[in-house]
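Residue numbers (this note's numbering): 1 to 810. Just so it is clear, CB atoms sit at the ideal spot from N, CA and C, and this is done for glycine as well. Quick notes on the structure that follows.
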Amino acid sequence: MQPQYDSASSENPIHQVVEEVCQSVTPVWPLDQFIAVNPWWKLTHLSLAEVAAQLASRSGAQVLMPRHFYRQCYERGEIKHTHLQQVAKEYHGASPEKLLAHISTERHTHECRLVSHLVDSGRDLTRNIAWVDEITHQISQFCAAYFDQHQAKWKVTTDTGLYNSWLNTVRHDRGIGLLMGEPDIHTQFAGLPEDYRQLWQQLPDMLDLQLHTLHPCLHALSLSINGWASWCAYQQQESERQGQQSEVLQELLAIRAAWECVLYHHYHSNTLLRQWQLSQQQVTDYEQFNLSIQQYDWLWQQALELAYQQRLFSALKNAPVQCDIAQPKLQAVFCIDVRSEPYRRALESLSSDIQTKGFAGFFGLAAEYQPQGCYYRRPQLPGLLSPDYRLVESGLNEPVYHRLSIRQAWQRFKHAAPSAFTFVETSGPAYGLKLFRQSFAPRHQPNHPVTALSDGNNTPLQLVSCKDPEHVLDVVEKTGLAAKILTGMGLTDGFAETILLVGHGSESHNNPHAAGLDCGACGGQTGEVNSKALATILNNIEVREELRHRGIEIPLNTRFVAALHNTTTDEVKLFSAAEDTKTQQVQQWLQQASELARQQRVGGLMSESDRPGAGQLLRQAFLRRSYDWSQVRPEWGLANNASFIVAPRWKTKGVDLNGRAFLHDYDSAKDDGFQQLEQIMTAPMLVTHWINFQYYASVTDNPHYGSGNKVLHNVVGGNIGVFEGNGGDLRTGLAMQSVHDGQRWVHQPLRLSVVIDAPQQAIADIVIRHPQIKHLVDNQWLYLFSGLKDTCRYLNGKWIPFPTAEGDNQ
Numbered sequence: 001m002q003p004q005y006d007s008a009s010s011e012n013p014i015h016q017v018v019e020e021v022c023q024s025v026t027p028v029w030p031l032d033q034f035i036a037v038n039p040w041w042k043l044t045h046l047s048l049a050e051v052a053a054q055l056a057s058r059s060g061a062q063v064l065m066p067r068h069f070y071r072q073c074y075e076r077g078e079i080k081h082t083h084l085q086q087v088a089k090e091y092h093g094a095s096p097e098k099l100l101a102h103i104s105t106e107r108h109t110h111e112c113r114l115v116s117h118l119v120d121s122g123r124d125l126t127r128n129i130a131w132v133d134e135i136t137h138q139i140s141q142f143c144a145a146y147f148d149q150h151q152a153k154w155k156v157t158t159d160t161g162l163y164n165s166w167l168n169t170v171r172h173d174r175g176i177g178l179l180m181g182e183p184d185i186h187t188q189f190a191g192l193p194e195d196y197r198q199l200w201q202q203l204p205d206m207l208d209l210q211l212h213t214l215h216p217c218l219h220a221l222s223l224s225i226n227g228w229a230s231w232c233a234y235q236q237q238e239s240e241r242q243g244q245q246s247e248v249l250q251e252l253l254a255i256r257a258a259w260e261c262v263l264y265h266h267y268h269s270n271t272l273l274r275q276w277q278l279s280q281q282q283v284t285d286y287e288q289f290n291l292s293i294q295q296y297d298w299l300w301q302q303a304l305e306l307a308y309q310q311r312l313f314s315a316l317k318n319a320p321v322q323c324d325i326a327q328p329k330l331q332a333v334f335c336i337d338v339r340s341e342p343y344r345r346a347l348e349s350l351s352s353d354i355q356t357k358g359f360a361g362f363f364g365l366a367a368e369y370q371p372q373g374c375y376y377r378r379p380q381l382p383g384l385l386s387p388d389y390r391l392v393e394s395g396l397n398e399p400v401y402h403r404l405s406i407r408q409a410w411q412r413f414k415h416a417a418p419s420a421f422t423f424v425e426t427s428g429p430a431y432g433l434k435l436f437r438q439s440f441a442p443r444h445q446p447n448h449p450v451t452a453l454s455d456g457n458n459t460p461l462q463l464v465s466c467k468d469p470e471h472v473l474d475v476v477e478k479t480g481l482a483a484k485i486l487t488g489m490g491l492t493d494g495f496a497e498t499i500l501l502v503g504h505g506s507e508s509h510n511n512p513h514a515a516g517l518d519c520g521a522c523g524g525q526t527g528e529v530n531s532k533a534l535a536t537i538l539n540n541i542e543v544r545e546e547l548r549h550r551g552i553e554i555p556l557n558t559r560f561v562a563a564l565h566n567t568t569t570d571e572v573k574l575f576s577a578a579e580d581t582k583t584q585q586v587q588q589w590l591q592q593a594s595e596l597a598r599q600q601r602v603g604g605l606m607s608e609s610d611r612p613g614a615g616q617l618l619r620q621a622f623l624r625r626s627y628d629w630s631q632v633r634p635e636w637g638l639a640n641n642a643s644f645i646v647a648p649r650w651k652t653k654g655v656d657l658n659g660r661a662f663l664h665d666y667d668s669a670k671d672d673g674f675q676q677l678e679q680i681m682t683a684p685m686l687v688t689h690w691i692n693f694q695y696y697a698s699v700t701d702n703p704h705y706g707s708g709n710k711v712l713h714n715v716v717g718g719n720i721g722v723f724e725g726n727g728g729d730l731r732t733g734l735a736m737q738s739v740h741d742g743q744r745w746v747h748q749p750l751r752l753s754v755v756i757d758a759p760q761q762a763i764a765d766i767v768i769r770h771p772q773i774k775h776l777v778d779n780q781w782l783y784l785f786s787g788l789k790d791t792c793r794y795l796n797g798k799w800i801p802f803p804t805a806e807g808d809n810q
C-alpha cells in the first residue's frame, strides 16, 4: 500500500515522505467560516475500505459503525433479509447467513504503537499521566497560543516560525518533567536540531526508523494531532491562495516527531528497541488484517444504504406527475440545502401558482463581502472556490463601521491587563442582571450583530473586482454574470411576477459552531448578502435590456426579491419588497408554509411533553429555542442527509423526501454540451459530498472526527476552533448534540446517493474527464445513479440496473 524508497538514492526520500504525509491532511476552516468538509478528502484517491483499514491501524479511528449498530438496524427492520441477499451477491463467498453470524461478534481492529505508546505501556498509568496525552496537551496548548488571533493579549513569539518558537519554549519548561515524574527530561531537548529540516534528515538515525515504515509512522504522528494538523493545512492553503509559501504543517509534524525522539532517547533500552522494531514490522500486517476483518462490515454498511436507496427510488418511480404551469404567480429559488426541501414542499402545497427551484445558496456569485469602512472581508462562496468579486456597501452612512468600532473598543477594555482587577467591579452588577435575564427570562436578539444585514439595513451593495477593487462592474459585465446565473438556475423564460431569491441562515446563541448551521455554500455565512446583490442586478433596467439582446427577456412587471430563510424558526424574511396586494399574498403564503414546516419538524426536535400545539404557540416555541443560550440543539442542521438529486423539480414535487435530499434543479434538454451538468458535478456535488461525510465521520468516530460534548467546549484563539474541556487536541467536526438526541443517533451514517436525470453517456464522460470525481465514484466514496424511473448505477465504468424492491415506502 505504501511506496518503497531507495536509501541510497541521491534524492531525499525523507522530504518526499513528509510532503506526502502533509498532503494527506484535509484543511479545517475557522469557527466564523465553519463549513462542512470530508475529513478524509485528501485520501479519496484510495478506496474507502483501504482508508478505513489504514486509519484503524495508524490511529485507531473507525470509519464504520460498531457491529451492534447494524445488528440493531436488522432487528428493527431497517435492514431486511432481502438487502443482505442483494449485497451478498456482489461478494464471493458471502451469504445472508454468514453476514448474520459475522454481525453477532464485535470488531476489534489492530493499531500499531508509536514510541510514546510503548513508553506508556511500561509505566503505571493508574498513578501517572500518559505521555501520549501529555504530548498532545503540550503541543495543543502551545499551538493555541501561537496561532491565537485576538483572544489572548500575551502571545508567544512567532517571528522564528512554529518549530523554533516551540523549541525555545519547551527548552525552558521545567513543569513538564516535574508533572511527569521525569525532572531531567528537559535536557533531551537541547540535543534537538535547531532547524526542522535538519530534524527530518536525522530522524531515521534518531529513531532507528526503517525507510519503508517512514510513511505510516509519520502519518500516525500527524493523526495523533489531527485537529491542529488540519488547522495548519488550512493556514498553508490560505497562504498559497495569496501567492505566499508556508510550511507550518511540516513544522508541526516535526514537533510531534521531536517528541518521539526525546522519549526514545530518554527511555532508551534494549527492550524498547526490540518493541519498536516489532511495531514497525507490524504496520503493513495490521493494515491487511484490518482490511480483512472489515470486509463483511462494509457489506452491512452497503445493505443499510441499499435500504434507503430502494425506498427513495420506489417513491420517485411512483411519484405523481405534476408539471409546472407556464406562468406561475410566484417563483422561489432556494438553496439546495436539505432543510429547504420540507419548506419548499410546504410552500408548493399551498397553490398551483407557486413554483420552487433549487440552486447553490451563494447564487452563483463567487464573492467576498466587505462591510463599509472595514478592512475585514469574509467569504460568501464555497470553500472549494476563490472569490472573483467583492461586495461592498455603497451607502453614505457607516452603520457597520460605527458598530464595529464600539464593539472593538469594548473588547479591548474588557481584555486589557488592568481590567482583570477593575472590569468585574465596574460592570459586574450590569453583567449579573444580563446573565439573570438571559437565564430565566430570555428574549430575542439579532443573531448577527457584527453586520447590518440581519436587522433590516438595506444599504446598496456594489460588485467590484477582487483583482482591481477600484473597478466597479459595468452593465455588460453584470449582464454576463446574470445570464450565466439564470441559465444555471434554469430560469430563462416563464418568469413569474414575483421571484424570491431565498438565502438561508440559522439563529442560535452561545454557540461557537453557529456558522456551521448557516449556509455552507456561502462559506459558513448566511446567504443574505448574495441574494440581495443578485436581486439588485436582476432588477436593473439596463441589465434587463442587455439580457433581452442575449435571448433572456424578463417581463417589466417581474420583480426579484431577496429573502432569508431562518432554518431554526422556519420563517422567511423579505428584503426591500414594495407593499402591495401581490406582496401581501406572498407574505401570506410564506407564513402558511412556515407553519406547515414547523409542524413537520416539531416531532424530531421536541419531546411530546414539550410540544405546544400549533399556530402562534408553536412559532413562539421555535423562537425560544433560537435565543435560549442554554439550548444545545437549536435545530438539527443537515443531519440525516442522504441524497443529492439533480433533476427538474416537477419530477420530485410529489414526493416527501423527509428533509434528507439536496435538490438541484436541472433540465438536460436545455443543456447543450452538458456544461451546466459539468458545473453541477464539479462544484455542488462535491460540496454535498463534503457535508455528507462530515456528518458521517462525526457519527462513526466522534472522538477522532467530531467535537465531543458541546457543553464542555472552550473557544480557542478567538475563532480557531474548540477544546473539549481545557486541553487535548483541537476538536474538529460536529458535536455529539448535533447528531445524537441523547438516546439515539439522529443522523444515519450513509454515503451520499447522487441521482442525476441526464443521459448516461454525458454523466460518464464528465466522470472520466475529472479525476477527483472518478476517485469518489470508483473508490466507493459516494453512489452515482442516472434516472429517476429506470435507475442505473455507475460502477467500475459501467451502468448497472439498480435492484428495486416493490412495496417499500419512503
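Starting from residue i, follow the beta strand (DSSP E) in both directions and report where the run begins and ends.
{"i": "V851", "result": "Any question about residue 851 goes unanswered here, given that the chain covers just 1 to 810."}
{"i": "K573", "result": "571-575"}
{"i": "F334", "result": "330-334"}
{"i": "L801", "result": "Per the sequence shown, residue 801 should be read as Pro rather than Leu. From DSSP, the beta strand (DSSP E) with P801 extends over 798-801."}
{"i": "N566", "result": "559-566"}
{"i": "H110", "result": "Here H110 belongs to no beta strand (DSSP E), and DSSP marks it neither H nor E."}
On the premise that residue j lies in contact with residue i, defined as a C-beta separation below 8 Å, what is that separation, rounded to the nearest angstrom?
{"i": "W690", "j": "V87", "result": "Rounded, the Cβ-Cβ distance is 26 Å, inconsistent with contact."}
{"i": "Q462", "j": "V561", "result": "No, Q462 and V561 are not in contact; Cβ-Cβ is about 20 Å, not under 8 Å."}
{"i": "A822", "j": "R171", "result": "Here the chain covers residues 1 to 810 and nothing more, so residue 822 does not appear."}
{"i": "V572", "j": "L556", "result": "With a Cβ gap of about 25 Å, V572 and L556 do not count as contacting."}
{"i": "A597", "j": "P342", "result": "5 Å"}
{"i": "I537", "j": "V543", "result": "6 Å"}
{"i": "A101", "j": "N290", "result": "The pair is not a contact, with the Cβ atoms about 20 Å apart (cut-off 8 Å)."}
{"i": "Q188", "j": "H265", "result": "6 Å"}
{"i": "L870", "j": "Y695", "result": "Shown here, the chain extends from 1 to 810; a query on residue 870 therefore has no answer."}
{"i": "A805", "j": "S230", "result": "At roughly 40 Å, the Cβ-Cβ gap does not stay under 8 Å, so A805 and S230 are not in contact."}
Could you tell me if the beta carbon of residue i falls within a distance shorter than 7 Å of some heavy atom in the ligand NAD?
{"i": "H513", "result": "In the structure on display, the ligand NAD does not appear, and there are no ligands present to speak of."}
Going by the beta-carbon positions, is the gap between residue i and residue j smaller than 8 Å?
{"i": "L84", "j": "Q301", "result": "no"}
{"i": "R611", "j": "D570", "result": "no"}
{"i": "F662", "j": "V338", "result": "yes"}
{"i": "M489", "j": "K653", "result": "no"}
{"i": "G161", "j": "E111", "result": "no"}
{"i": "A254", "j": "W200", "result": "yes"}
{"i": "F142", "j": "I720", "result": "no"}
Quick check on residue i: does DSSP put it in helix, strand or coil?
{"i": "W131", "result": "helix"}
{"i": "A190", "result": "helix"}
{"i": "G820", "result": "There is no way to answer for residue 820, as the model of the chain reaches only from 1 to 810."}
{"i": "S7", "result": "In this prediction, S7 has a pLDDT of 37, which is less than 50 and means its spatial position is unreliable; nothing more can be read from the coordinates."}
{"i": "L252", "result": "helix"}
{"i": "P342", "result": "helix"}
{"i": "N447", "result": "Per-residue confidence for N447 stands at a pLDDT of 46, beneath the threshold of 50, marking its modelled position as unreliable; the derived number appears in the next sentence. Three-state DSSP puts N447 in coil, outside helix and strand."}
{"i": "P379", "result": "strand"}
{"i": "V400", "result": "Note on V400: pLDDT 43, under 50, position unreliable in the model; no value is reported."}
{"i": "V543", "result": "helix"}
{"i": "A669", "result": "helix"}
{"i": "H150", "result": "coil"}
{"i": "I499", "result": "strand"}
{"i": "F362", "result": "coil"}
{"i": "E477", "result": "helix"}
Would you kindly report the start and end of the unbroken alpha helix (DSSP H) that includes residue i?
{"i": "E305", "result": "295-317"}
{"i": "E240", "result": "226-241"}
{"i": "V828", "result": "Nothing can be reported for residue 828: it is not among the residues displayed for the chain, which extend from 1 to 810."}
{"i": "G358", "result": "From DSSP, G358 is part of no alpha helix (DSSP H) but of the beta strand (DSSP E) over 354-358."}
{"i": "S738", "result": "Neither: S738 is in no alpha helix (DSSP H) and is coded neither H nor E."}
{"i": "S630", "result": "That residue, S630, is in no alpha helix (DSSP H); it is neither H nor E in DSSP."}
{"i": "H775", "result": "771-778"}
Should the region 765-782 be called in touch with the region 733-743, which here means at least 3 C-beta pairs below 8 Å?
Contact fails between the region 765-782 and the region 733-743, because fewer than three Cβ pairs, one in each stretch, are under 8 Å apart.
Can you find at least 3 beta carbon pairs, one from the region 20-28 and one from the region 225-236, that sit closer than 8 Å?
The answer is yes - the region 225-236 touches the region 20-28, with three or more Cβ pairs under 8 Å.
Does the structure place the region 363-378 close enough to the region 660-677 that three or more beta carbon pairs sit under 8 Å?
Counting Cβ pairs under 8 Å, fewer than three are found: no touch.
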